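**Q** Numbering (the numbering used here), first residue to last: 101 to 1044.
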């Protein structure tokens, strides 16, 4: 560690960051670090403070710290492998991780197209990395390198327009690349003149091309001399405008590079023009189309759903914002959602203010003249610039626009009326830019005119994946399993993934099944593909197309496909002309006193008894009456809870295999896809000892993973680390109506605990209270004073958490099961995927299938005594997921089986202001990896 102290003590490297204060401060902190694991973690987060474009600084740091791994990059040549001529070279290329791996098989003299493509991709990767998280700049930059043709003037100009204020290094890098192409002159198009029908036109055409230089002059001259408009069907214009050189032999066209995530959004367009343009920019990546799309659709108020969806794909909303040097009022906000809280956006806001200080705010479709913003409301302008760059997003709308009243106020005071165009007023401008004052659908500037009220708060809520510390082609997920003894323990894991299309930056986990729009098949047609180990989507199979044009008639009104609404107390959705509603029991407002007295809230008006039965979908229902109401006949269930029956009692496995109980609740048709509660496993010859997925056996002995437990002949007690609190049986009742021997066993199945005793009643499931038979004395005290709790459907006791009630489509679940070798879709499949969307380690996800067939999701603090801030964070995570479901965001619904979700309702716990503690600084000795390790190893046993 002396090397680190020498590095920063004499300012050997940090002086390269003198003009970027937050980078210099972060660099100087290296000297204070004594732990190797903390050093590794800090260096991986350092690009968030010091952009990788600061090449001198990073060269110095890398050369001064031998042994510290540099951030790896993806294999940029993977997309070029199909250009290889030799099959052996093509195969070697696909398996390689760098260019050096292919040189023995792929010879440069015989594989020129391959190496030309790799060189182009390498240069594009370097150039476009300077764009940071400036999405438009990066996409215009990438468009330069996505074509084999010479970059057009419009492409080059777009990079200059969008990237000049972002990174001069990027402009210089792209310029060096474009200069490598030979310049073409009008004389190169002389052969087109022969396509003219009239001899006079042929002669004039050749004269014009020899004497004129600009495209404008040439077109005007041809129109005048040939007396024809530039129509695409005219052979002359077709040749001249379509090609600058004689057409070479028709080469085989490379496949289009597609962004499936953006294509998901195109169906949300309200106008056919924006829908078509969305499809173009998601497949062709033409710069001119992007510019037209920005002008016509980006600020079109009728296209809010489309633009919000595209924003979700580019920059998903994430909890937390900190470490900004310019937009400091956005710091210390761990429970607020932002799209782009990072150093690049912070710098972008500063650059915007510099540009606006020139007196004009340039928009894609208008220029707004303003007075000197350094003197007129400078704090407001700074809040505007920061809000548009950092992009706060709220629960009901994730669009990044400021509120109309703020827009009108600041332009009234600071707009330069003398330079306004005729008819231009602050009100008319703001009607285009910021058409709403709904505080849930726009950004109120007042919130960011002052610093966060938390000040230097304790880091009770951390965000290990924001900003993303992982290399490209890797996803960041929260480390909830801890680490092997002696290993560095970071609060996150970098796991390999697949891009949702060759041109997409959106990643999904390896082995994930995703739903993508089927090309050229119309709206409502999808394929289900698998993220393969090669890093690509493969094994795609078509889903039955959905007739999105069919409408539902509700109370005399037509509802479009995908529209959500309520009928009495039922949440409903229109799905391809069919109305899908919950099975809740409703009590109308005009009910008699006798009806209210006998109302139980249970499905079909069943009596409020607790005589449980186990149905063949693996769900325990409180009575046979409720099971029958949910569609099971008497042969489909047996009395008693599902957990009290032993699925291995009749030994359904062959002699060479062992029967292991595998409890699960299935969401598919059990007559078509049997929901077996056991698994036949072979005694494994060997296990991967490095795989960390801890499990605990019935002797309270911990094993690194399930394979090793079975290999040692032990019986599984629960998943996760062994806990002292679970050594002795202490029965608890889960929200699913099952009695578990210990709290650890319940958590192992991702079931939260209702109360500490065997299950004896089913709680209220309807909005109207009824005598459910619950005993309030059995309920544990709330985890935090001042918490306004939620009570899950069918539960007796309230808890401090965020809760979702999700309506889903069984027809789609069945379709997914057919495509997955007839394997049933289970509740655990849902929870496993949703858990990846919870980005705060202090919160975890639990869930169950309610007795009226809704999926209930609970996002609960992991601490036994959570702080108000942690409870608020879990509630915000619930609101985030609820919003993604109801807006049909591809970041969620592209995952199978989550794409079967129709609508969601959210209820969250709130904290009274009197319960909020005073903020205090974080003790310097408690690092983030240590905090996570404490939560994983010492806290509740949720290391599933």
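By construction, the Cβ of each residue, glycine as well, lies at the ideal position given by its N, Cα and C atoms.
Model, not experiment: these values are computed from the prediction.
Given a threshold of 16 other Cβ atoms within 10 Å of its Cβ, counted over all protein chains shown, does residue 204 qualify as buried or as exposed?
**A** exposed
**Q** Going along the chain, which residues of its own chain have a beta-carbon closer than 8 Å to the beta-carbon of residue 644, five neighbours each way excluded?
**A** 915
**Q** Restricting to Cα atoms, I'd like to know which of 124, 804, 621, 971 is closest to residue 1007.
**A** For the residues 124, 804, 621, 971, the minimum Cα distance to residue 1007 belongs to 971.
**Q** With 16 as the cutoff for other CB atoms within 10 Å, does residue 68 come out buried or exposed?
**A** Past the boundaries of the shown model lies residue 68; the chain is included only from 101 to 1044, so the question cannot be answered.
**Q** Does the distance from the CB of residue 189 to the CB of residue 217 come in under 7 Å?
**A** no
**Q** Distance, Cα to Cα, residue 579 vs residue 822?
**A** 18 Å
**Q** What is the DSSP secondary structure of residue 947, counted as helix, strand or coil?
**A** strand
**Q** Could you tell me if residue 420 is buried or exposed, where buried requires 16 or more neighbouring beta carbons within 10 angstroms of its beta carbon?
**A** buried
**Q** Three or more C-beta pairs closer than 8 Å, one from the segment 927–945 and one from the segment 574–594: is that the case here?
**A** yes
**Q** Based on Cα-Cα distance, which residue from 550, 743, 450, 398 lies nearest to residue 534?
**A** 398
**Q** Run the CB neighbour count on residue 714, radius 10 Å, all protein chains shown included, and call it buried at 16 or more, exposed below.
**A** buried
**Q** Give every residue of the same chain whose Cβ lies closer than 8 Å to the Cβ of residue 829, excluding the five residues on either side of it in the sequence, and list them in chain order.
**A** 841, 842
**Q** In whole angstroms, give me the CA-to-CA distance for residue 417 and residue 410.
**A** Taking the straight line from one Cα to the other gives about 12 Å.
**Q** Ordered along the chain, which non-local residues of its own chain (more than five positions away) have a Cβ less than 8 Å from that of residue 584?
**A** 790, 792, 804
**Q** Assuming residue 666 contacts residue 952 under a Cβ cut-off of 8 Å, what Cβ separation, rounded to an integer in Å, is found between them?
**A** Rounded, the Cβ-Cβ distance is 15 Å, inconsistent with contact.
**Q** Can you list, in chain order, the stretches of the beta strand (DSSP E) that have 3 or more residues and sit fully within the segment 733–775?
**A** With a minimum length of 3 residues, the continuous beta strand (DSSP E) runs that stay inside the segment 733–775 are 737–739, 757–761.
**Q** In the DSSP assignment, find the unbroken beta strand (DSSP E) run with residue 673 in it and report its ends.
**A** 670–675
**Q** Check whether the segment 887–895 and the segment 942–956 touch, using three or more Cβ-Cβ pairs below 8 Å as the test.
**A** yes
**Q** Tell me whether the beta-carbon of residue 592 lies closer than 7 Å to the beta-carbon of residue 631.
**A** no
**Q** Is it the case that the Cβ atoms of residue 114 and residue 128 are separated by a distance below 7 Å?
**A** yes
**Q** Between 690, 689, 653, which has its C-alpha nearest residue 672's C-alpha?
**A** Considering only alpha carbons, the answer is 653.
**Q** Could you spell out the range, first to last residue, of the alpha helix (DSSP H) harbouring residue 484?
**A** 478–490
**Q** If we ignore side chains and look at the alpha-carbon of each, how far apart do residue 990 and residue 360 end up?
**A** 9 Å
**Q** Residues in the same chain with beta-carbon distance under 6 Å from residue 390, minus the five sequence neighbours each way, listed in chain order, please.
**A** In the same chain as residue 390, and ignoring 5 residues on each side of it, the C-beta atoms closer than 6 Å to its own belong to 381, in chain order.
**Q** So which of 703, 807, 513 has the shortest CA-CA distance to residue 954?
**A** 703
**Q** Return the residue from the list 1012, 559, 513, 423 that minimises the CA-CA distance to residue 888.
**A** 1012
**Q** Which one of 609, 553, 532, 539 has the shortest CA to CA distance from residue 1045?
**A** Any question about residue 1045 goes unanswered here, given that the chain covers just 101 to 1044.
**Q** Counting beta carbon pairs with one atom in the segment 746–755 and one in the segment 771–783, are three or more of them shorter than 8 Å?
**A** Touching, yes.
**Q** From the DSSP output, read off the bridge partner residues of residue 1010.
**A** 888
**Q** Per the contact definition of three or more C-beta pairs closer than 8 Å, is the segment 484–492 in contact with the segment 434–443?
**A** yes
**Q** Quick one, are the C-beta atoms of residue 737 and residue 862 less than 7 Å apart?
**A** no
**Q** Report the rounded CA-to-CA distance for residue 942 versus residue 771, giving the unit in angstroms.
**A** Their backbone Cα atoms lie some 40 Å apart in a straight line.
**Q** Would you identify the three-state DSSP class for residue 823, choosing helix, strand or coil?
**A** Note: residue 823 maps to coil in three-state DSSP.
**Q** Span of the beta strand (DSSP E) holding residue 592?
**A** 592–599
**Q** For residue 264, which residues from the same chain have a beta carbon less than 8 Å from its beta carbon, with the 5 sequence-adjacent residues on both sides left out?
**A** 271
**Q** Distance, Cα to Cα, residue 882 vs residue 899?
**A** 6 Å
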